[in-house]
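When we follow the working numbering, the leftmost residue of the sequence shown carries the number 272, and every step to the right adds one. Cβ atoms here follow ideal geometry from the backbone N, Cα and C, with glycine treated the same way. Read through the structure below, which is laid out as structure tokens, and then see the notes.
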Amino acid sequence: RLSIVCPAYQEEEVLPRFHAVLAPAVAPLEADYELEILYVDDGSRDGTLGVIRGLAAADPRVRYVSLSRNFGHQAALTAGLDP
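And the structure:
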């Protein structure tokens with residue numbers, strides 16, 4: 272399994288565009304790996320979590336973790352890497 276961990280904080284506006292570029296860029300890897308794109312919402316106060324939920328509903332490779340508050344970039348990465 273190959274997991275791509277993407278921390279997100281207040282990314283409501285750019286996340287759909289980011290995913291639209293990321294998804295086809297990693298698609299060739301699916302020939303060799305079970306692929307997941309894991310978004311970690313780092314306590315965003317905008318609509319980031321809703322956008323991530325929409326991406327997960329539309330793309331079976333997308334999973335997400337939602338943190339209760341903003342812990343910072345490194346903590347969000349760590350949360351995404353925890354089994």
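{"Item": "Same chain only: Cβ atoms within 6 Å of Leu326, ignoring 5 sequence neighbours per side", "Value": "His290 and Val333"}
{"Item": "Assigned exposure category for Leu338 - 16 Cβ within 10 Å defines buried", "Value": "buried"}
{"Item": "Span of the alpha helix (DSSP H), counted from its first residue to its last, around Pro295", "Value": "Leu286 to Val297"}
{"Item": "Ranges of the alpha helix (DSSP H) found wholly within the region 301 to 337, counting only runs of at least 4", "Value": "319 to 329"}
{"Item": "Spatial neighbours of Gln281 in its chain, beta-carbon cut-off 8 Å, leaving aside the 5 residues before and after", "Value": "Ser315, Arg316, Asp317 and Thr319"}
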